[in-house]
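Counting in the working numbering, the sequence shown tops out at residue 479, every number present.
Just so you know, even glycine gets a beta-carbon here, dropped at the ideal spot from N, CA and C.
A short write-up of the structure that comes next.
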Amino acid sequence: MSKGITSKNEDYSQWYNDIVIKADLAEHSSVKGCMVIKPYGYSIWEKMQAVLDQKFKDTGHSNAYFPLFIPKSFFSKEAAHVEGFATECAVVTHYRLKNDGNGNIIVDETAKLEEELIVRPTSETIIWNTFKGWIQSYRDLPLLVNQWANVVRWEMRTRLFLRTTEFLWQEGHTAHATSQEAVEETERMLDVYADFAENWMALPVVRGKKTANERFAGALDTYCIEALMQDGKALQAGTSHFLGQNFAKAFDVKFTNKEGKIDHVWASSWGVSTRLIGALIMAHSDDAGLVLPPKLAPIQVVIVPIYRSDEDLKNISGFVDKLLPKLKAMGISVKYDDRDTQRPGFKFAEYELKGVPVRVAIGARDMENQTVEVARRDTREKQTVTQEGLEIYLAQLLNEIQENIYKKAETFRDEHITEANSYEEFKELLDGKAGFIAAHWDGTPETEQKIKEETKATIRCIPLNNKQEEGVCIYSGKTSTQRVLFARAY
């Protein structure tokens, strides 16, 4: 099959779009700014969901579901929150359509809602309004809730998976008796995200805090994990917010503590979205297509028979029929592609494009020699392997591929964290090497904003456990106590 993928060194943006479309992950829909996630793309999201959902449950959270529509008045209760989302909100104003008599369907102007409804851009307001009825005493705390949902944020410029008007995500919302517990929860969930990114997505991340300019609307602190893509741009892969008592005060969520005093609860919220699929593509893939870490690959091993006669196929299938249960018993997802509608070469190209980690080819001569040909997607190396104990070999190979994909991404990331000691050096690095730039900043939002306006680079995070060192801000020349990580970002 012809892949027709643009080289990533030629046009990274087109390369990304080519992979999303040609690997059958998603496509643009007839609704402007929205995408259709195709079955193969959705199966990756399902794998992500399954892992994260178990991690949330292991840390004491339960799933719930809250309305898609939020009364407009709820947003006005938390000033910073409404300001942060005002320009992205879709608003429902009417509840009925009618025929205008000429065969056209129009909005019935008499069916105006008494109060407009906001289509959920995030759920803090509706959830905190609900929590008010769930929390009375310290015995009701901590309240640890997660929601798998879709959200809508009106975007002018969209990119499949990375930025669409509607996208899928999970959002955790928790209530606590003390500030310390809420901060601990915020940090715990950041670690859950970082563990998932590194050990499942094979994506090295920097854990850090956002600056005031980049903080979530309504939060006291936003923690994040930042990853680096192969074009040297950063991507925020997950966030966890310490909300203080802001939403509890806005929605009057109080509890009686152990001493019998009444206080507002303390809160956190945290989320990751389908943009993680975008991260997966941009961090690992190559000009031949998608490269998937085995732990998140819908198909980890594909077996392709190569035969000239029905007798050849029968022999090969006999061997495969015994192998499949062994692989499945080891938790390996495997597909035997014995379609007679496509030639082996087409299948090889198809599974390479779709990022299947391991391809096993078996021909008549292999059956005679009791061998198979094994091709790994990450390095595109091929090897002839004995059929004896093949399931153990493949299990070990999948672990090796997972590790290798991570190490490759980590090496790239580490080679693209560069220190800059002057504004000129900073700008040269941004336009040349790209990646994360570690530079001194005077701590003011004004300086941060000016750098962003002049270079399109933002402070991605202040790394946790950051090294303290005296220096001067690259922009203002004022004193600074630490370097922060700048980058251009998605």
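Asked                                                                                                        : Found
Endpoints, beta strand (DSSP E) assigned at F231                                                             : A223 to G233
Selected residue, minimal CA-CA separation from M24, among A15, A384, H83 and K311                           : A15
Same chain, Cβ closer than 8 Å to T76, neighbours up to 5 away in sequence not counted                       : W143
Identity of the residues DSSP links to N52 by a beta bridge                                                  : N135
Which of helix, strand or coil DSSP assigns to M(-10)                                                        : Interpretation of M(-10) is limited by its pLDDT of 48, a score under 50 that renders its predicted location unreliable; the figure taken from the coordinates is listed afterwards. Three-state DSSP puts M(-10) in coil, outside helix and strand.
One or two residues paired with S258 in a DSSP bridge                                                        : H162 and H230
A208 - containing alpha helix (DSSP H), residue span                                                         : Premise fails: A208 is in no alpha helix (DSSP H) and is neither H nor E.
Inter-residue Cα distance where the pair is R402 and P193                                                    : 8 Å
Through-space distance from K87 to I481, alpha-carbon basis                                                  : The structure shown does not extend to residue 481, since the chain is modelled only from -10 through 479, so no value can be given for it.
Exposure label - L179; buried when at least 16 CB within 10 Å                                                : buried
The segment 166 to 183 touching the segment 137 to 152, judged by at least three CB pairs closer than 8 Å    : no
Cβ contact (3+ pairs, closer than 8 Å) linking the segment 402 to 412 and the segment 299 to 315             : no
Member of V347, R148 and Y382 whose CA lies at the smallest distance from the CA of R365                     : V347
Continuous beta strand (DSSP E) stretch holding R177: start and end                                          : No beta strand (DSSP E) holds R177; the alpha helix (DSSP H) holding it covers S168 to N188.
Span of the beta strand (DSSP E), counted from its first residue to its last, around I26                     : M24 to I26
Proximity of T48 and V181 at Cβ, strictly below 8 Å                                                          : yes
Length of the line joining the Cα atoms of M(-10) and Q331                                                   : Caution applies to M(-10), whose pLDDT of 48 falls short of 50 and renders its modelled position unreliable; the value that the coordinates give is listed next. So the alpha carbons of these two residues sit roughly 10 Å apart.
Collapsed DSSP secondary structure at A239 in the structure displayed                                        : helix
Of the residues L232, L217, M190 and A183, the one placed nearest R204, counting alpha carbons only          : L232
Cβ pair E107, V134 closer than 8 Å                                                                           : Note that residue 107 corresponds to Ile in the displayed sequence, not to Glu. Not a contact, by the Cβ cut-off of 8 Å.
C-beta atoms of W123 and L132 nearer than 8 Å                                                                : yes
Outcome for D367 when other beta-carbon atoms lying within 10 angstroms are tallied against a minimum of 16  : buried
Per DSSP, the bridge partner or partners of T216                                                             : The residue asked about is misnamed: residue 216 is Ala in this sequence, not Thr. L224.
Element boundaries [beta strand (DSSP E), containing N454]                                                   : That residue, N454, is in no beta strand (DSSP E); it is neither H nor E in DSSP.
For K343, three-class secondary structure by DSSP                                                            : coil
Beta-carbon gap between N202 and P434 smaller than 8 Å                                                       : yes
CA nearest to the CA of F475, picked from I440, P60, K467 and E377                                           : I440
Buried or exposed by the 16-neighbour rule on C-beta atoms within 10 Å, applied to R472                      : buried
Buried versus exposed call for L67 [16 or more other C-beta atoms within 10 Å across all chains shown]       : It is Glu, not Leu, that sits at residue 67 in the sequence shown. With 16 or more Cβ atoms within 10 Å of its Cβ, E67 is classed as buried.
Y395 - containing alpha helix (DSSP H), residue span                                                         : L379 to E404
Own chain partners of Y29 with C-beta closer than 8 Å, once the 5 adjacent residues on each side are dropped : A12, D13, L14, P287 and K343
Boundaries of the beta strand (DSSP E) in which F150 is found, first to last residue                         : That residue, F150, is in no beta strand (DSSP E); it is neither H nor E in DSSP.
The beta strand (DSSP E) enclosing A427, as first and last residue numbers                                   : F425 to H429
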